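S.K.: Sharing a structure below in structure tokens format, with a few things to ask.
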Amino acid sequence: MQDVRDALYIGHRSDGTLTRRPMSPHLQVYRFRLSMFLSIANRAAGVAAAAGAALGVCWLNAAAKGPESFKKVQKVTRHPLGKLALVGWTLALVYHFVAGLRHLAWDAGYRFEKKNINEDGPVAVGVTVGATLVLVATIFGLAACRSRKKAS
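Using the numbering used here, the letters of the sequence shown map in sequence onto residues 1042 to 1193.
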């Protein structure tokens, strides 16, 4: 042993003989791939979706408390930063759903080869962006129509 850390790599085989365990590769060994980013993004989207759901519960709570509380919450959600937060929450929900469908397919044994996973990554991103744009345009379009009806 050249170093004290070498002792950490010594292990025992099932027959009792000593063996040297392999050292885990460092991050510099790997080339960063889209599938790696999408895996991390799926976890982040799950956290963001849960946080957005908690804010949704606060919104429902304000609606249940009465008109004054609800007006305050509506003021926040009508602000450009509030709208941006709602769009971000929608994006997180949609991506987490799309990634969940990918994982469901993998669990069923479909498209689990490395080539397929690398091909499906850009598709998942495209579906997420497209579905989010459709949802956001629909929601904001309905809100605009509703506000025009109230004004007239």
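By construction, the Cβ of each residue, glycine as well, lies at the ideal position given by its N, Cα and C atoms.
These numbers were taken from a predicted model, which means no experiment stands behind them.
Is it buried or exposed, Ala1149, if we count other Cβ atoms within 10 angstroms and call 16 or more buried?
M.R.: With fewer than 16 other Cβ atoms within 10 Å, it is exposed.
S.K.: Under 8 Å, do Ala1165 and Leu1079 count as touching if we go by C-beta distance?
M.R.: Cβ atoms of Ala1165 and Leu1079: closer than 8 Å.
S.K.: Answer with buried or exposed for Tyr1071, where buried requires no fewer than 16 other C-beta atoms within 10 angstroms of its C-beta.
M.R.: Exposed: under 16 other Cβ atoms inside 10 Å.
S.K.: Can you tell which of Val1139, Lys1155, Arg1062 has the C-alpha that lies nearest to the C-alpha of Asn1083?
M.R.: For the residues Val1139, Lys1155, Arg1062, the minimum Cα distance to Asn1083 belongs to Val1139.
S.K.: Using 8 Å as the Cβ pair cut-off and three pairs as the minimum, do the region 1173-1187 and the region 1140-1147 touch?
M.R.: The answer is no - the region 1140-1147 does not touch the region 1173-1187, with fewer than three Cβ pairs under 8 Å.
S.K.: Specify the secondary structure class of Gly1057 as computed by DSSP and reduced to three states.
M.R.: Note: Gly1057 maps to coil in three-state DSSP.
S.K.: Say the cut is 7 Å; is the CB of His1067 nearer than that to a heavy atom of the ligand PLP?
M.R.: The ligand PLP is not among the ligands present in this structure, which contains no ligands whatsoever.
S.K.: Lys1156: which of Thr1058, Val1045, Arg1074, Ala1089 sits nearest, CA to CA?
M.R.: Among Thr1058, Val1045, Arg1074, Ala1089, the Cα nearest to that of Lys1156 belongs to Arg1074.
S.K.: In angstroms, rounded to a whole number, what distance separates the CA positions of Leu1127 and Gly1162?
M.R.: Each residue's Cα considered, the two are about 25 Å apart.
S.K.: Please list, in chain order, all residues of the same chain as Gly1052 whose beta carbon is under 8 Å from its beta carbon, the five residues on each side excluded.
M.R.: Correct list, in chain order: Leu1059, Thr1060, Arg1061, Arg1062.
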